[in-house]
Amino acid sequence: MGIYIAGTGLFTPNESISNEELVKSYNAYADLFNQQNKEAIEKGDLEELTYSSADFIYKASGIESRYVLSKEGILDPQRMKPKFEKRKDNEPSIQAEIAIKASKEALKNANIEIDQVDGLICACSNLQRAYPAVSIEVQQELGIQGYAYDMNVACSSATFGMQNAVNDIKAGVAETILVVNPEICTAHLNFKDRDGHFIFGDVCTAVVITKVNDSSKENFEVLDTKLKTSFSNNIRNNFGFISKNEDLDLYSDDQLFKQEGRKVFKQVVPMVEELIANHLKENNLLVSDIKRLWLHQANLSMNSLIAKRLLGRDPNEDEMPTVLNRYANTSSAGSIIAFHKYSEDFRKGDLGVICSFGAGYSVGSIIVQKT
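Under our numbering, the first residue of the sequence shown carries the number 122, and numbering increases by one thereafter.
Structural data, given as C-alpha cells:
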C-alpha cells in the first residue's frame with residue numbers, strides 16, 4: 122500500500138520585520154535598560170547591554186527578515202513582545218485561525234474534499250492552551266469527522282506528526298489525515314535577548330497525507346520515515362502550568378525560549394547527519410540518489426555543514442533550498458515551507474528527504490519520491 126503527500130498549504134502573515142527594523146528596536150531598548158539601571162551597572166551588579174546589528178544577525182544565522190503576526194508590539198522598545206487581543210471562548214483561537222487557512226490551501230492543492238479527511242494532527246512547538254485541543258477546534262471549524270489531537274516535539278513536530286499520520290493509515294485507522302503546524306514562535310521568543318531576539322518568525326503549514334493516489338495528479342510517495350530523540354537542556358522553555366505554582370515571575374526570561382547555541386550546533390549536526398545517512402542506507406539508497414534535502418530552517422551554517430558532510434562537498438541551492446533568509450526559524454514549519462516552495466520541479470522517480478530537527482533533541486526524516 123502506497124502512502125502519499127497529496128498536497129501542502131502555507132499561511133504567511135501580512136507583516137514582516139527586517140533585521141534593520143529589529144535592530145533599531147532592540148538598540149532603543151538597550152539604551153532604555155542601560156539608562157534605567159545606570160547605578161547598578163556602574164556598581165557591577167548588572168552588565169551593560171550592547172548593541173545588536175543587522176550584519177551580526179545575518180552572519181550568525183543567515184536570516185534577513187521574518188514574517189510576524191504582531192509587528193507593532195515587537196518593535197515597541199517599551200514592550201518587546203507581540204500584542205494580541207484576548208478572544209472569547211466562542212471565537213476561533215489565533216492558532217486555529219492560521220491553521221484553518223493553511224489547511225484549506227493544502228486540501229485544495231491535494232484535490233481532496235473535507236469529507237474525505239478522517240483525522241487531523243496539530244503538531245507544533247508550542248500550543249496556546251492546554252485544552253480543549255487546538256486540533257479539535259480546527260477539526261470543528263473545517264467540518265472534519267473522525268478524530269484530532271495535538272502533539273509537540275518542538276522543531277521536529279511536523280515530521281513526527283507526518284509519521285503518526287503514516288502509521289495511522291498503515292494501521293487502517295484512517296485513509297487521509299491532515300497535519301497542521303501553526304507556529305507563532307514570536308510569542309515565546311525573548312526579544313530582549315541580543316543573542317536570540319532575531320531567531321523566530323510566525324507561519325503555518327499543512328500537509329495532506331493519504332493512501333488515495335489520484336492518478337490524474339502527481340504526488341509524492343512516502344517511502345519511509347525515521348525518528349530519533351536524545352534528551353538535552355540546551356534548547357529549553359520552562360513555561361508551563363506548574364510555573365505559577367512555583368511562585369515564579371511568568372514574564373521572566375526563564376519562561377521564554379533559551380538555548381546554548383554553540384552546544385546545539387556541535388551536537389545536533391552529527392546527530393542529523395548520522396540519522397539521514399542511516400535512513401538512506403536502510404532503504405538501499407545512496408546520498409547521490411537524493412535530488413534535494415528539505416532541511417529544518419534554523420541556521421544556514423548548520424544546514425550547509427549537514428549537507429556538506431552528507432554530500433562530501435558544498436551543497437548548491439538546488440540540493441539544499443533555503444527559506445530561512447525570508448522566514449527566519451519557523452520551528453516545525455521550516456522544512457515544510459522549503460518542500461512547499463521547492464518541489465514542483467521534481468519529475469517522476471526523483472527522490473528527496475524532508476528532515477526537521479531541534480529541541481529535545483529530536484530529529485525526523487522522511488524519504489519521498491515523485492510519482
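For glycine and all other residues, C-beta sits at the position ideal for the given N, C-alpha and C. No experiment lies behind these values; they were computed from the predicted model shown.
query: Once the 5 residues before and after T129 are set aside, which same chain residues still bring their CB inside 7 Å of it?; result: A227, N230, T326, A327, V328, I457, F460 and H461
query: Among the residues of its own chain, which have a CB less than 8 Å from the CB of M392, if the five just before and after it don't count?; result: K349, S351, F478, Y482 and V484
query: In the structure shown, what three-state DSSP assignment does P203 receive?; result: coil
query: Looking at A449 and Q418, is the spacing between their C-beta atoms short of 9 Å?; result: yes
query: Find out if the Cβ-Cβ distance for the pair E374, N311 is shorter than 9 Å.; result: As written in the sequence, residue 374 is Asp, which differs from the Glu given in the question. Yes, Cβ-Cβ distance for D374 and N311 is below 9 Å.
query: Give me the Cα-Cα distance between A279 and V324, rounded to the nearest whole angstrom.; result: 13 Å
query: What is the DSSP secondary structure of I305, counted as helix, strand or coil?; result: strand
query: Please confirm whether K180 has its beta-carbon closer than 9 Å to some beta-carbon of chain E.; result: Within the model displayed, chain E is absent; a lone protein chain is all it includes.
query: Measure from the alpha carbon of D345 to the alpha carbon of each residue in S139, I184 and L396, then state which is nearest.; result: L396
query: G322 and Y463 look like a contact to me (Cβ under 8 Å); what is the Cβ gap, rounded to whole Å?; result: That belief does not hold up - the Cβ atoms of G322 and Y463 are roughly 18 Å apart, past 8 Å.
query: Since Q284 is in the alpha helix (DSSP H), which residue starts that stretch and which ends it?; result: S278 to K291
query: With DSSP as the reference, label N405 as helix, strand or coil.; result: coil
query: In the DSSP assignment, find the unbroken alpha helix (DSSP H) run with V329 in it and report its ends.; result: Where V329 is concerned, there is no enclosing alpha helix (DSSP H), although the beta strand (DSSP E) it sits in stretches over D323 to T331.
query: Sort V300, V287, D439 and V389 by Cα distance to G123 and report the nearest one.; result: V287
query: Over what stretch of residues does the alpha helix (DSSP H) that includes R187 continue unbroken?; result: Not the alpha helix (DSSP H): R187 falls in the beta strand (DSSP E), residues S186 to V189.
query: Taking just the CA atoms, how far does I427 sit from S453?; result: 18 Å
query: Out of K145, I298 and V474, state which residue places its alpha-carbon closest to the alpha-carbon of I235.; result: I298
query: Evaluate P253 with the Cβ neighbour count: other Cβ atoms within 10 Å of its Cβ, from every protein chain shown; 16 or more gives buried, anything less gives exposed.; result: exposed
query: Could you name the residues of the same chain whose beta carbon sits closer than 6 Å to that of I257, not counting the 5 residues immediately before and after it, in chain order?; result: A269
query: Identify the residues that DSSP records as bridge partners of Y270: which are they?; result: I242
query: Taking its Cβ as the centre, do 16 or more other Cβ atoms sit within 10 Å of R250, making it buried, or is it exposed?; result: exposed
query: What do you get for R315, buried or exposed, if any count of 16 or more other CB atoms within 10 angstroms of its CB means buried?; result: buried
query: Helix, strand or coil, according to DSSP, for L445 in the structure here?; result: helix
query: Which ranges would you report for the alpha helix (DSSP H) in the region 129-196 if only whole runs of at least 4 residues count?; result: 140-157, 159-164, 175-182 and 192-196
query: Specify whether the region 154-173 and the region 202-212 touch according to this definition: at least 3 beta carbon pairs, one from each stretch, less than 8 Å apart.; result: no
query: Whose C-alpha, out of P442, N420 and I221, is nearest the C-alpha of V389?; result: N420
query: Count the other CB atoms, across all protein chains shown, that sit within 10 Å of the CB of D347; report buried if there are 16 or more and exposed otherwise.; result: Before going on, a small fix: residue 347 reads as Lys here, not Asp. Label assigned to K347: buried.
query: Helix, strand or coil for E395, going by three-state DSSP, please let me know.; result: helix
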